[in-house]
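In what follows, a single structure is set out as structure tokens and then discussed.
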Amino acid sequence: MKHHFIDRYSNLESPIHKLNTTLKLFLAVALIITTVIQSQIPAYKFVLIFAVLLIALYTSHIPLTFFLKNLLIILPFACIGGLSILFANSGDLYSSFIGIKIYHQALMNFITILEKSIISIGTIILFVSTTRFDHILKSFQDIKVPSLIVALLSFIYRYVFLVIDEFMRTKMAIVARSSRQPTLTLWSYMISRSFFGSLERGEQIFQSMKARGYNGTIKTLNNENFTTGDGIILFLCLILYALLWKL
Amino acid sequence: MEALIKIENLCVKYEEKVALDGIDLIINEGEKIGIIGPNGAGKSTLLLAIKGLIKFTGKISFPGIRRSDVGLVFQNPDIQLFMPTVFDDVAFGPINQNLTETEVKVRVKESLEKVGLSGFEKRPPHHLSEGEKKKVAIATVLSMKPSVYLFDEPTTGLDPLSKYEITKILCSIDRTMLIATHDLELISKVTDRTIILNDGKLMAEGYTQDILTNKELLARNKLYPLEQLLKCR
Numbered sequence: 193m194k195h196h197f198i199d200r201y202s203n204l205e206s207p208i209h210k211l212n213t214t215l216k217l218f219l220a221v222a223l224i225i226t227t228v229i230q231s232q233i234p235a236y237k238f239v240l241i242f243a244v245l246l247i248a249l250y251t252s253h254i255p256l257t258f259f260l261k262n263l264l265i266i267l268p269f270a271c272i273g274g275l276s277i278l279f280a281n282s283g284d285l286y287s288s289f290i291g292i293k294i295y296h297q298a299l300m301n302f303i304t305i306l307e308k309s310i311i312s313i314g315t316i317i318l319f320v321s322t323t324r325f326d327h328i329l330k331s332f333q334d335i336k337v338p339s340l341i342v343a344l345l346s347f348i349y350r351y352v353f354l355v356i357d358e359f360m361r362t363k364m365a366i367v368a369r370s371s372r373q374p375t376l377t378l379w380s381y382m383i384s385r386s387f388f389g390s391l392e393r394g395e396q397i398f399q400s401m402k403a404r405g406y407n408g409t410i411k412t413l414n415n416e417n418f419t420t421g422d423g424i425i426l427f428l429c430l431i432l433y434a435l436l437w438k439l
Numbered sequence: 006m007e008a009l010i011k012i013e014n015l016c017v018k019y020e021e022k023v024a025l026d027g028i029d030l031i032i033n034e035g036e037k038i039g040i041i042g043p044n045g046a047g048k049s050t051l052l053l054a055i056k057g058l059i060k061f062t063g064k065i066s067f068p069g070i071r072r073s074d075v076g077l078v079f080q081n082p083d084i085q086l087f088m089p090t091v092f093d094d095v096a097f098g099p100i101n102q103n104l105t106e107t108e109v110k111v112r113v114k115e116s117l118e119k120v121g122l123s124g125f126e127k128r129p130p131h132h133l134s135e136g137e138k139k140k141v142a143i144a145t146v147l148s149m150k151p152s153v154y155l156f157d158e159p160t161t162g163l164d165p166l167s168k169y170e171i172t173k174i175l176c177s178i179d180r181t182m183l184i185a186t187h188d189l190e191l192i193s194k195v196t197d198r199t200i201i202l203n204d205g206k207l208m209a210e211g212y213t214q215d216i217l218t219n220k221e222l223l224a225r226n227k228l229y230p231l232e233q234l235l236k237c238r
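Protein sequence lines, in the order shown, are assigned to chains B and C. So the number in our numbering is just where the residue sits in the first sequence, counting from 1, plus 192. So the number in our numbering is just where the residue sits in the second sequence, counting from 1, plus 5.
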């Protein structure tokens, strides 16, 4: 199967791709924390942060459509929790529609959640798209994330694509023998078959990994050094984050 | 010749089905052995048991080598290749052998040269052709420089040119190897000794030419002799 992965652009050559993985992880987490702990995010501040993300995106040669598509896929899930806030009774009445009242303060709170979600998800997409997954795992190991969690992440990553792969195979096999659109029963069959198939293939891949010396520890050639360039980027970003905090 | 692998009374069961039943076999240093048999005969199971990837009863010993010195190339290259690039996949084994970065890079370069895929380092394995995938799968084990190679159906599903190229690669490997296959032509070109498995039992063992010319033996074990195949066309 030739489907594209979330990290399909992680092997590109760009200044962002070349940055030290642990530094990128630190900067991404720091930006998310700086954003999330603010009580309100004025529009100009949101535009400024989003512009920084877009500049980083442009520098990393990742297509804007890919970024926006992924953002729009994940955003609704992040905003589901914020929906209840939208209908909370707080502040002055802003609008009323078919009996549903929306208050000004509730709307502002919801917009803040939306802004925080966009920045956080955008940052994660940018980080994952510009960093190879095995480098991210190595970075987790370096910062002493428990090895069990790192191993779990590594298998989740691998198995998610196995499930997608199996799903595509099963769907292709069904569509090839049917002129109609798959019914609900067929969809349920496809999904269950995908899980069973990927479980079997996952076991075989694990055997293949063990046959080549895998013992649960991820080893890579990725012995990244912290360069002067990384230091400059760290310094500039810390100033930027401090400004965001103070503005 | 020094024995590298000794198999005594090897038995493997999958649920209620007996996959291997009392196999005794000695693999000597430098030998190239073909394992032939119909579907479900236990060929792949034998290779998995030697590599220690499945549970079995009986005894498999490795006098003079370690089990990690045995390299296995799986039948399905999509199982063998799981890393994002060809380089990463070929480097996976050497990295797990704790080699230095320079050594790993040299091993990857040499292995890809040997299978004729120099310059493929940055390619994603899942975008390669079936023949190329098979070659990369072989390179992933070549890079580990094992003492014994186990190949599971190395030419299955390949076009004639790819099949010829894989046969050439196997001929060029100057190490002990076991090849489990239906491809009698490959067996006749690469191996000196051949065993026949059927229903999990070792039915025959001998020089490859003797086995392949014994049409009655092949027919009895649901294997058609090569000559008969040619006549059918």
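All C-beta atoms, glycine included, are put in the ideal place defined by N, C-alpha and C.
Query: Just by C-beta distance, which residues in the segment 50-63 of chain C are closer than 9 Å to chain B?; Result: Leu53, Lys56, Gly57, Leu58, Ile59
Query: Can you give me, in chain order, the residues of the segment 387-420 of chain B that have a beta carbon less than 8 Å from any beta carbon in chain C?; Result: Arg393, Gln396, Ile397, Gln399, Ser400, Met401, Lys402, Ala403, Arg404, Gly405, Tyr406, Asn407, Lys411, Thr412, Leu413, Asn415
Query: Let me know the secondary structure DSSP gives C/Asn33 once reduced to three states.; Result: strand
Query: Comparing the C-beta of C/Ile28 with each C-beta of chain B, is any distance below 8 Å?; Result: no
Query: Whole angstroms are fine: how far does the CA of C/Pro130 sit from the CA of B/Met193?; Result: A caution first: B/Met193 carries a pLDDT of 49, below 50, which makes its placement in the model unreliable, though a value can still be read off. Near 11 Å, if we compare the C-alpha coordinates of C/Pro130 and B/Met193.
Query: With distances taken from CA atoms, which of C/Ile171, C/Asp204, C/Thr50, C/Ile201 is nearest C/Gly121?; Result: C/Ile171
Query: Taking the alpha-carbon positions, what's the C/Arg238 to C/Glu190 distance?; Result: With a pLDDT of 47 at C/Arg238, under the threshold of 50, the modelled position of that residue is not reliable, and the figure given next carries that caveat. Whole-angstrom Cα-Cα distance: 16 Å.
Query: Can you tell me whether C/Asp164 is buried or exposed, with buried defined as 16 or more other CB within 10 angstroms of its CB?; Result: exposed
Query: What in chain C is Cβ-close to B/Arg350, meaning under 8 Å?; Result: Phe87
Query: List the residues of chain C that B/Arg324 touches, going by C-beta distances under 7 Å, in chain order.; Result: Pro89
Query: Is there at least one Cβ from chain B nearer than 8 Å to C/Asn101's Cβ?; Result: yes
Query: In chain order, which continuous runs of the beta strand (DSSP E) of length 3 or greater are located wholly inside the segment 172-197 of chain C?; Result: 181-185
Query: Using a C-beta to C-beta distance shorter than 7 Å, which residues of chain B count as neighbours of C/Met149?; Result: Arg404
Query: Could you give the DSSP three-state label for B/Met360: helix, strand or coil?; Result: helix
Query: In angstroms with no decimal places, state the Cα-to-Cα distance between B/Lys154 and B/Thr375.; Result: The question about residue 154 of chain B has no answer here: the residues shown for chain B are numbered 193 through 439.
Query: Mind listing the chain B neighbours of C/Phe79? Cutoff is C-beta to C-beta under 7 Å, in chain order.; Result: Ser400
Query: Could you check if C/Lys173 is buried or exposed, using at least 16 other CB atoms within 10 Å of its CB as the buried criterion?; Result: exposed
Query: Could you check which residue in B/Asn281, B/Thr323, B/Leu260 has the C-alpha nearest to that of B/Tyr201?; Result: B/Thr323
Query: Just the chain C side, please: which residues come within less than 9 Å of B/Asn203 by C-beta, in chain order?; Result: Pro89, Thr90, Lys127, Pro129
Query: Once you ignore the five residues that flank C/Cys259 on each side, which residues in its own chain have a CB closer than 8 Å to its CB?; Result: In this structure chain C extends from 6 to 238, so residue 259 of chain C is not present and cannot be described.
Query: Tell me which residue opens and which closes the beta strand (DSSP E) that C/Leu207 is part of.; Result: 206-212
Query: Mind the definition here: the segment 307-326 of chain B touches the segment 377-396 of chain B only if three or more C-beta pairs lie below 8 Å; say whether that holds.; Result: no
Query: With a threshold of 8 Å between beta-carbons, can B/Ile317 be considered close to chain C, or not?; Result: no
Query: Determine the chain B residues that contact C/Ser73 at a beta-carbon separation under 7 Å, and present them in chain order.; Result: Gly405
Query: Could you tell me the boundaries of the beta strand (DSSP E) in which B/Asp422 lies?; Result: From DSSP, B/Asp422 is part of no beta strand (DSSP E) but of the alpha helix (DSSP H) over 420-438.
Query: Quick one: Cα of C/Thr186 to Cα of B/Leu256, how far?; Result: 49 Å
Query: Determine the chain E residues that contact C/Glu221 at a beta-carbon separation under 7 Å, and present them in chain order.; Result: No chain E is part of this structure, whose protein chains are labelled B and C.
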